[in-house]
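J.: Be aware that the sequence shown starts at 461, since it is given in our numbering, and climbs by one per residue.
Ideal Cβ positions, reconstructed from N, Cα and C, are used throughout, including at glycine.
On a predicted model such as this, the values are computed, not experimentally measured, just so you know.
Got a structure here, written out as structure tokens. Questions coming.
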Amino acid sequence: MNKTKIAVFASGTGSNYDALVAAIQSGALSCEIVLLVSDKPTAKVVDKAKQNSIPCFVFDPKQYDQKADFEAEIVEQLSQMEAEWIVLAGYMRLIGSTLLQPYEGKILNIHPSLLPAFPGLDAIGQAFKAGVKITGVTIHIVDEGMDTGKILAQEAVTVNPEMTESELQTKIQSIEHKLYPQTIQQIIKQKK
Ligand code: GRF
């Protein structure tokens with residue numbers, strides 16, 4: 461079967477990027493990462509992608525007047541690389557209509573909480589401070605809202621009373637690294 465061409469958008473350490481690369485290498489995920497998009501030139505994930513010889517489009521949003529301008533450049537890059545899906549893995553920006561329209565229903569995001577609880581920034585910290593006993597991971601289709609699109613998969617994580625916030629983060633991320641490749645594989649197979 462032909463490999464599905466995906467673009468990964470990331471601006472952090474890239475642990476989810478690593479998990480996607482590992483799943484592709486093992487054959488569990490029948491995709492090819494054709495582009496890494498990052499809005500943080502200094503992000504660790506950019507170095508990782510360069511080491512893997514994955515084409516990168518790295519930009520500084522401050523150099524643009526408005527979101528539509530950098531999103532237009534992203535769309536151009538995506539079309540050059542023939543990307544079919546966009547996988548957000550720590551890209552901390554709302555997607556605007558310039559990018560959403562051509563990729564409607566084809567943009568996925570992973571969020572470290574059981575949405576609709578704790579949307580937005582620092583979801584793990586929000587859940588920890590709220591003292592919830594259960595939180596988790598959500599994978600959803602991206603729409604114009606903040607973490608509001610159709611939910612595709614969720615997995616719960618129990619918060620033990622003696623757990624620190626950083627232990628909770630480790631536990632959540634280990635779930636993310638399994639659930640994201642599995643869910644991507646399922647959705648791309650359905651929509652082929
Ligand atoms: C992940 O926790 C993901 O849920 C959120 O951003 C974080 C990215 O982490 N959207 P990493 O860079 O993949 O380690």
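Restricting to Cα atoms, I'd like to know which of 558, 544 and 570 is closest to residue 466.
T.: 544
J.: Where does residue 614 fall in DSSP's three states?
T.: strand
J.: What does a CB cutoff of less than 7 Å around residue 534 pick up in its chain, not counting 5 residues either side in sequence?
T.: 497, 517 and 559
J.: Counting only runs of 3+ residues fully inside the segment 470–495, write out the beta strand (DSSP E) ranges in chain order.
T.: List check, beta strand (DSSP E) in window: nothing returned.
J.: Rounded to whole angstroms, what is the Cα-Cα separation between residue 645 and residue 639?
T.: Straight-line spacing of the CA atoms in residue 645 and residue 639 works out to 10 Å.
J.: Applying the criterion that 16 or more other CB atoms from any shown protein chain within 10 Å of the CB defines a buried residue, is residue 476 buried or exposed?
T.: buried
J.: What are the residues that DSSP puts in a beta bridge with residue 517?
T.: 497
J.: Does any heavy atom of ligand 1 sit closer than 7 Å to the C-beta of residue 600?
T.: no
J.: In whole angstroms, what separates the C-alpha of residue 636 from that of residue 568?
T.: Those two C-alpha atoms are separated by around 13 Å.
J.: Using beta-carbon positions only, say whether residue 602 and residue 548 come within less than 8 Å of one another.
T.: yes
J.: Which same chain residues, not among the five before or five after residue 592, have their C-beta less than 8 Å away from its C-beta?
T.: 577 and 619
J.: With C-beta atoms as the reference, is residue 572 less than 8 Å away from residue 607?
T.: In this structure, residue 572 sits away from residue 607, with a CB-CB distance that is not shorter than 8 Å.
J.: What separation, rounded to the nearest whole angstrom, lies between the Cα atoms of residue 594 and residue 540?
T.: 43 Å
J.: So the candidates are 615, 649, 622 and 621; which of them puts its Cα closest to the Cα of residue 634?
T.: 615
J.: Along the chain, where does the beta strand (DSSP E) that runs through residue 597 open and close?
T.: DSSP places residue 597 inside the beta strand (DSSP E), whose first and last residues are 594–601.
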